[in-house]
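Numbers in this note's numbering are just positions in the first sequence, counted from 1, shifted up by 327. Each residue gets a CB set at the ideal place from its N, CA and C atoms; glycine is no exception. Quick caveat, the model's predicted, so the values are computed rather than measured.
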Amino acid sequence: MEYNFKEIEARWQQRWRDDKTYRVAVDASRPKFYVLDMFPYPSGAGLHVGHPLGYIASDIYSRYKRLKGFNVLHPMGYDAFGLPAEQYAIQTGQHPAVTTEKNIARYREQLDKIGFSFDWEREVRTCEPEYYKWTQWAFLEMFDHWYDLSAEHARPISELRAHLAEQGTEGLHAAETQPLTLTAAEWCAMSEQEQEQVLQNYRLAFRADTMVNWCPKLGTVLANDEVKDGLSVRGGFPVEQKRMKQWLLRVTAYAERMLNGLDKLEWSDSLKEIQRNWIGRSEGAQLFFEVVGSEQPLEIFTTRPDTIYGVTFMVIAPEHEQLAALTTPEQREAVEQYVIETKKRSERERIAETKRVSGVFTGSYAVNPFSGRQIPIYASDYVLSGYGTGAIMAVPAHDSRDWAFARHFGLEIIPVVEGGNIEEASYDAKEGKLINSDQLNGLDVKEAIRTMFEEVEKRGIGRRQVNYRLRDAIFSRQRYWGEPFPVYYKDEVAYPLSKEQLPLELPPIADFGPTAEGEPPLARVETWHTAEGYPFELSTMPGFAGSSAYYLRYMDPSNREALVSREANEYWRQVDLYVGGIEHATGHLMYSRFWNMFLYDLGYVCEQEPFRKLVNQGMIQGRSNFVYRIVGTNKFVSLGLKDQYETQEIHVDVNIVKNDQLDTEAFRRWMPDFANAEFILEDGKYICGWAIEKMSKSMFNVVNPDHIVEHYGADTLRMYEMFLGPLEQSKPWDTNGIDGVHKFLKRLWRLFFDRDGKFLVSDEAATEQEMRTLHKTIKKVTEDIEHFSFNTSIAAFMICLNELGDCSKRAVLEPLVVLLAPFAPHITEELWAQLGHTTSVCDATYPVAEERFLTLSSFEYPVSINGKLRFKRAYDLNLDPKAIEADVLAQPEALKWTESKQPKKVIIVKGKIINIVI
RNA sequence: GCGGAUAUGGUGUAAUUGGUAGCCACGACAGACUUAGGAUCUGUUGCCUCACGGCGUGGGGGUUCGAGUCCCUUUAUCCGCACCA
């Protein structure tokens, strides 16, 4: 009987469905474990072999944990709102809901074939009203809260109102859009509309007139993480800066907590570093410089207050509020000209021309508060309006940009830190002794910074200040296929719907493009207003809205009263293992942490961080194949001979190539043009060239997992994807080599059944050597799973089979089947049943490696070599202690015995003792 | 420019974390069984050398009895941020 994977896999997948094998429920008697995959966006292209990589890894871990006795939550769902479905709808008129539904069905079909242990009863889809009700609910909560920086906690808006009514902004330390000073009397005198304006300055979900990334091609605004190099991440269309009124989430309120929280997470260092950079915390000082002939001082931010004696000019951003006031009549024309020019330059041009120095003198002078010198104030676009105060003190001797600016405009450069050669370049390093700096002279840079912080505060000309690079997240998209905002407008003021009115459902629509006036598609819906006729918001929420709390919904997916019940949340708590791509580092993974911390503040969830451990699987690239056509003919020449001809390289479908050898018949059938193709072979074969490229249709290198499952079975696909290399590493897909793991499964099958289908497993006792092999494998595989090193655990299985030979003993095979079950669930279910078990292998007991089969004899020699004691670890020294002793004694000059240390092992290289180990 | 990661046979990779580099596979070569093989099984396979032996973990240097592993330096590739004061 041959290993018939097709029949076995179909039968067990049906059994799992019928028996609801993977259904989970809260069970306080067992420890929980939550394993989560980043849910997919169901695109029209379906899954390629790269997509399941992470799912397979997490599935192996889930099954492993279940075998270890954990109650494992392992759900799956779909991130179903999004741009591609809508773009497709604009082109074809097909409703996104229809295409999304179709794509989901296809995804499900593909996923089911691979044998995942998902509990599909917990499936969520972000585009369903029952789900997005809770996205809208969270938005309303954010709208109704502000962030108290003193308490480091979100608080209800009602408490803010009370505070403002009692003492104005006095004593208020809140996350805010702009600094605001109000007395209680002023607050109380305000109209409702004016008060709402003030509150918008504090709400965690708020509306503001800000510079946004506007993508004309997509017809919507984008968040910072959705833009790269001045182009939209989706589609790669140009993005411009535009001032617009938008909804935003005040994620900056949580910057400090998100930064500190990273330390406690088991995430890769590189991922944490990306988030740290994105948050971009920098500690410095906010300083005021008096302006000659003006009441209003210029406020700047600097991280290098130690260099204050080296300040020889000031620079403000072209968008700076004070620019007009600082500009003297003589300079007016030049300044206005410069501002116009700057505006014309797109974001892309600015990025491309970072080396270009430009700027204009305002005509005004500031006073250096320490040296008392008068210094000119310039405007230049190398100072950003959005960071710090939009104004800087320039220290050309110690900042490369200031240096370039000073050189360009012939400004003075005064070195204040020893080191470098300021004739050639600025000296930016934060080390060295201070010079030319009065009382700071002789101090080290770090000491000088500290001294200056104190000095600045003492003199009352500034204060310590922490700045973040992180921006508040723009939360509205001028699109149709997203969550509607549960708000309506009355006299331009936004009012929230009540929670009882949720969900506010997305209305049906037929035309998905923007209106002629450039308004979002929802503007076409005549009924898009409240019962009283107040219009609803026309934009919808962005893609990250629905994915920010989906992991919480899985805990309690059908709850109609709450996002997640307290009981379910306190049991499942947080995701223990999250597997997904690193591309979400500054998007989803930031927003989810923000969202979760907010819900934590409000007491809805019991863990501050959503994802305890996170593993980033690498990307699977494509491996393209080429054929070489002799120019002007229909003759194709094999790789090794192509240099003898003038050839043209043509992509060929990788599915008709095996081990780089072309199936010439299939090639003739592949495309009409090649029907009469002739081949020049080498050794009777046609060998193709290859290259690593992105997996895409146009390169004919897309490998569909369905085909692999068809040819080799799901178990082989699963094992091969893991065998390909370390999970975190990006690598090209290469079907060459899949035979290796397939052969492994066939050999395993062969231990159970001979060719005629006779069951071979005996109850004979295993030998010492067989037990050693088994237990060594158990230990290795278990350790490797714990470390997510699945490629090496599969190697361990292969070694095990090599060592076992034709051992068909129950005592060895039974534990081995359980050990292998997470990797190859179908074949192991079958073999487990064949061994006489009536329950699923999922509920078997995980084998334990017994020490007695692992250790070899240990020795205890206290020894020193060359006068030094060496204590290292080594294993598997299968030598007779007596022989070692003799060896040691043969080198008395090198060895000195002590009684305090008790080494265990001796390392012998080429007959000489190299080290003794404890 | 700043930050992070990677570099080992023809290929994917492994190496007990400082202890005989190349495990496990793929590919290749040889053989067995076969009408046949893209099936199965066995053997060989880092490089140079007939051999003895020598050389080998991107390059150069260092620490060490001993380095793929630690330190310094350099090169290449990938990723993140980027006029962030």
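- Inter-residue spacing [alpha-carbon to alpha-carbon] between Pro1152 and Ala858: 55 Å
Spell out the partners DSSP gives Arg804 in its beta bridges. Thr867
Residue environment, His647, which counts as buried when at least 16 other CB atoms sit within 10 Å:
buried
inquiry  = Would you call the region 631 to 647 in contact with the region 700 to 717, where contact means no fewer than 3 C-beta pairs closer than 8 Å?
reply    = yes
Classification of Val566 by the beta-carbon crowding that lies within 10 angstroms, buried from 16 upward: buried
Requested in this report: Give the DSSP-derived three-state secondary structure of Val1144 in the structure shown.
Outcome: helix
**Message:** Here's the rule: buried if 16 or more other CB atoms are within 10 angstroms of the residue's CB, otherwise exposed. What is Lys1195?
**Reply:** In this predicted model, Lys1195 has a pLDDT of only 35, less than 50, meaning its place in the structure is not dependable enough to derive any value.
As assigned by DSSP and simplified to three states, the class of His735 | helix
Q. DSSP beta-bridge partners for Asn540?
A. Leu549, Gln568
Practice problem: Look up Ser1135 in the DSSP assignment and say whether it is helix, strand or coil. | Solution: coil
>> Rounding to the nearest angstrom, what Cα-Cα distance links Ile719 and Arg806 in this structure?
In response: 39 Å
Item to complete: Over the uninterrupted beta strand (DSSP E) stretch that includes Ala288, give me the two end residues.
Response: This structure leaves residue 288 out entirely; the chain is present only between 328 and 1245.
(Q) Considering only the alpha carbon of each residue, which of Leu374, Val891, Leu487 lies closest to Gln437? (A) Leu374
Does the beta-carbon of Tyr861 have 16 or more other beta-carbons within 10 angstroms, so that it is buried, or is it exposed?
-> exposed
- Message: Please classify Ile335 as buried or exposed, where buried requires at least 16 other C-beta atoms within 10 Å of its C-beta.
- Response: buried
* Count the other CB atoms within 10 Å of the CB of Ala652; is the residue buried (16 or more) or exposed (fewer)? -> exposed
- prompt: Which residue or residues does DSSP assign as beta-bridge partners of Val694?
  reply: Glu617, Gln701
Q.
Looking at the secondary structure, which residues open and close the beta strand (DSSP E) in which His472 lies?
A. 472 to 475
Close beta carbons around Ala412, own chain, < 7 Å, minus the five adjacent residues each side: Pro423, Thr426, Thr427, Trp808
**Prompt:** Opposite Gln573 in the DSSP bridges: which residues?
**Reply:** Ala535
Whole-angstrom distance between His480 and Ala516, CA atom to CA atom
29 Å
Residues near Pro1059 in its chain [Cβ-Cβ closer than 6 Å; skip 5 each side] = Gln948, Arg950, Ile1019
What's the gap between the Cα of Thr669 and the Cα of Ser707?
9 Å
Helix, strand or coil: how does DSSP classify Glu976 here?
strand
* For Leu1044, which three-state DSSP category applies? -> helix
Beta-carbon proximity of Phe466 to Phe871, cut-off 8 Å: no
Q. Would the region 605 to 617 and the region 691 to 699 be scored as touching if the rule is three or more Cβ pairs under 8 Å?
A. yes
| query | With 16 as the cutoff for other CB atoms within 10 Å, does Met469 come out buried or exposed? | reply | buried
Tell me whether Glu626 sits in a helix, a strand or coil according to DSSP, three-state version.
strand
inquiry  = Using DSSP's beta-bridge definition, name the partner residues of Gly949.
reply    = Glu1020
query: Counting Cβ pairs, one atom from each stretch, are 3 or more of them under 8 Å apart for the region 1097 to 1106 and the region 1049 to 1066?
result: no
Cβ contact check for the region 869 to 886 and the region 841 to 858: 3 or more pairs under 8 Å:
no
Could you give the distance in angstroms between the alpha-carbon of Phe921 and the alpha-carbon of Val902? 15 Å
Would you call His911 buried or exposed, if buried means 16 or more other Cβ atoms sit within 10 Å of its Cβ? buried
request  = Determine contact between the region 875 to 894 and the region 443 to 460, defined as no fewer than three beta-carbon pairs at a distance below 8 Å.
outcome  = yes
- Task: If I'm right that Val743 touches Ala724 with Cβ under 8 Å, what's the distance once you round it to whole angstroms?
- Result: 6 Å
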